[in-house]
Every structure is written in C-alpha cells, then in structure tokens.
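Before any comments, here is the structure.
Residue numbers (the working numbering): 22 to 377.
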C-alpha cells in the first residue's frame, strides 16, 4: 500500500518547475496548486503531504524541500516553524486523548500487594533527539514518532533502556564504596527491576559482561545468586513503562568544519523535540513472587528507582547524544505523583526534595 501511494503521487517524476510549486504547496507555504499536477489536492493530511515531500531527496530540489533557499525558509523547515505544533496538538486531541491512550496512573487494586506506580511531568531543558525507524523521509535524522498517529514520542523500550543505563552508571560510580555483597545485591536488584542481563548466562564462566569486568571477583558469586533468583536464566523485570507523547517538534543543526579552511560546508539536520516542551513519564512496578511480608523489598526498589529516574531526567538525559547534553529535563516536585499515596514521602525523600 505504501509503495502504491508513492507511485500514485510521484513527485520525483514531475518536471522541476512543477516540483517547486508542489514543495511549497505540500508544506502549506502556498495555496497555489501546480498547474500540471492538480491531483495532489487529494492530499489533505499533513503527514501524507510530508511523505510525498520525502521523494524530493532524489531530485535536484532536495535542499529546497528540506530547508528552503538561502533567502527564504521553506520545505520541512517552514512546516515545522508554522504548522507542526497545530498538527501535533490536533493529533493528540482527536486520537490519543479521544481514545484515552494518554498514560494515566493505573488502579493498583488490580495488582498484587506491593505494586506501585509513578508519574512525573517534566519540562525539557535541552532538546530531545532520537532516531526514527522509518525507511523514507526528507531528513536523514527524523525524531522518533508513534507509528499510527505520527506524533513525536518516547517508546516504552526507550525509557527502559535509558533508566537502566542511568542506574548502571550510578552503580559503577559507587563501585569502590561497595563491598562484594552490596555490589551483588545491587546488581541482582537491576535484574529484578529490568529483567536478565543480555549476554549473561547463569552457566557462563567467561565473565565478559561490562559489570563483570568492573568487579571480576564477584562475578562467580553473582551467577550463583542469579541462578537462585531465576533457575532458567530468564526473568521479566518488575518495571513496566508507558510511552510519552510530545506536541512540538524542532530542528537542530550540526555543521562540521573543515580543519584547513575552518568553514562548514555540509550541515547535518536533526529533528528534535525542542527545549521547553512538556512530557509525562509513567511507570508501573508489579512485584514477582513477592509476598505481603516482603514489602521492604518493594520499598527498597522504589527508593532505587527514585534515584535512577532523577539521575536519568535531570543529570544524564535520555534519547540520542546525551553525552552532548541533549535530553535533560527539569522536574517540579509538585508534579510528581506516586501510588499508593502512603509511599509518596518515601519516593520524595530519596529524590532529595522532601522536606526534612
């Protein structure tokens, strides 16, 4: 179906003049239809228009379709600056909100004792960059978008990877301060929260995983303890992540400079979610094989996750290019919700914001 759509509206096969008029019409820079290609009037949806615009990458008007000309903003850049926010807000209202797909705190009465949930509204302090997996787009670096509704978002799997990376980084920074028993307990906690580590088998004697190399003397004991936790070596973690949807999009430009001339000739464009955009992070914790007497384990996991979320959002960032400062956010303590409410103070104390 997708290939038939591109074939029916083939921008690349039009003459250069028609392409120029079509590009301006597709991004809503002009209401004038190309005289020789009137059938594109059937493209009413903004995203359908952008998909056809993507064909410009194989034409002589590629840069015009991306950024416009030196004298005037145009192409995708013009659409992002003038129409993107309206489109994404409409998508949110008419689809995500109407279908009740926006994440909300779940009813914990449906889950085992010890379950808890956290929801945090944050504001991006630096742009969020990620890599979409579409196979055809006018830019080489589009921000990740939800498959059906095409709004910028952070997928649950991305949140899981970002939070685990932040908590592993915290563990490595505390390496010298922990004895072997404490190190093993923290590492097993990561397994309990996120599931078994990739490339770490319970019978593996090579000890080549990243955390094995940091503490090789504890690797064997760790696997013995891991085997008791999960005899098969496979375990689904207790944390369940929800998507985060955004209603804004922007552009970032990196312009590598020639070492000899000091001039930049080939700018690289990235789509991003711009600084100042608000998002909602939501996760659910459902204990596995934890009885009512093991509430301390659940609360200990809550405290560890509180530290991890704060590090991920406010220090390390999430998404791509976090080493360059992207993906860092600000959090207002009044916009942190924890269920059950009796555990809210525990979370906030660990976060570092609770009074006293």
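All C-beta atoms in this analysis are idealised placements derived from N, C-alpha and C, irrespective of residue type, glycine included.
Keep in mind it's a predicted model, so treat the numbers as computed, not measured.
Identified DSSP bridge partners for residue i
i	result
residue 293	271
residue 257	216
residue 55	Its beta-bridge partners do not exist; DSSP assigns none.
residue 138	305, 360
residue 144	299, 351
residue 175	265
residue 408	Because the chain spans 22 through 377 in this model, residue 408 falls outside it and cannot be assessed.
residue 149	294
residue 166	173
Integer-rounded CB distance, given that residue j should sit under 8 Å from residue i
i	j	result
residue 302	residue 180	7 Å
residue 117	residue 266	6 Å
residue 89	residue 81	With 8 Å as the limit, residue 89 and residue 81 do not qualify as a contact, their Cβ atoms being about 15 Å apart.
residue 242	residue 200	That pair is no contact at about 12 Å.
residue 147	residue 337	At roughly 12 Å, the Cβ-Cβ gap does not stay under 8 Å, so residue 147 and residue 337 are not in contact.
residue 217	residue 184	Wrong, their Cβ atoms sit about 16 Å apart, outside the cutoff.
residue 141	residue 307	Not really, about 19 Å apart at Cβ, beyond 8 Å.
residue 341	residue 264	About 17 Å; that fails the 8 Å criterion.
residue 159	residue 246	That belief does not hold up - the Cβ atoms of residue 159 and residue 246 are roughly 51 Å apart, past 8 Å.
residue 139	residue 309	About 18 Å separates the two Cβ atoms, so there is no contact after all.
residue 40	residue 77	7 Å
residue 61	residue 54	7 Å
residue 143	residue 300	6 Å
residue 298	residue 145	5 Å
residue 215	residue 260	6 Å
Where residue i falls, given that 16 or more other Cβ within 10 Å makes a residue buried
i	result
residue 205	buried
residue 361	exposed
residue 68	exposed
residue 157	exposed
residue 171	buried
residue 31	exposed
residue 236	buried
residue 291	buried
residue 375	Per-residue confidence for residue 375 stands at a pLDDT of 42, beneath the threshold of 50, marking its modelled position as unreliable; the derived number appears in the next sentence. Classification of residue 375: exposed, given that the 10 Å Cβ count is below 16.
residue 99	buried
residue 58	buried
residue 349	buried
residue 151	buried
residue 275	exposed
residue 377	Here residue 377 scores only 43 on pLDDT, less than 50, and its place in the model is too uncertain to base an answer on.
residue 34	exposed
residue 354	exposed
residue 52	exposed
residue 75	buried
residue 70	buried
residue 131	exposed
residue 173	buried
residue 188	buried
residue 28	exposed
residue 120	exposed
residue 252	exposed
residue 331	buried
residue 333	buried
residue 233	buried
residue 25	exposed
residue 322	buried
residue 101	buried
residue 343	buried
residue 56	exposed
residue 115	exposed
residue 231	exposed
Residue i: CB within 7 Å of a non-hydrogen atom of the ligand ATP
i	result
residue 342	Absence of the ligand ATP from the depicted structure is noted, as is the absence of any ligand whatsoever, leaving it without description.
Enumerate, from N- to C-terminal direction, the unbroken alpha helix (DSSP H) stretches of 4 or more residues contained entirely within the stretch 98 to 126. 105 to 112
Check whether the stretch 150 to 169 touches the stretch 314 to 331, counting contact only when three or more Cβ pairs, one atom from each stretch, lie closer than 8 Å. no
Contact between the stretch 352 to 359 and the stretch 195 to 213 (3+ Cβ pairs under 8 Å): no
Below 8 Å, can you find three or more Cβ-Cβ pairs linking the stretch 193 to 203 to the stretch 143 to 157? No, because fewer than three Cβ pairs between the stretch 193 to 203 and the stretch 143 to 157 fall closer than 8 Å, the two stretches do not touch.
Whether or not the stretch 102 to 121 and the stretch 267 to 275 are in contact is what I'm after, with contact meaning three or more pairs of Cβ atoms, one per stretch, closer than 8 Å; do they touch? yes
Between the stretch 324 to 344 and the stretch 121 to 130, can you find at least three pairs of beta-carbon atoms closer than 8 Å? no
Uninterrupted alpha helix (DSSP H) stretches inside the stretch 30 to 80 (no shorter than 4 residues): 37 to 47, 67 to 74
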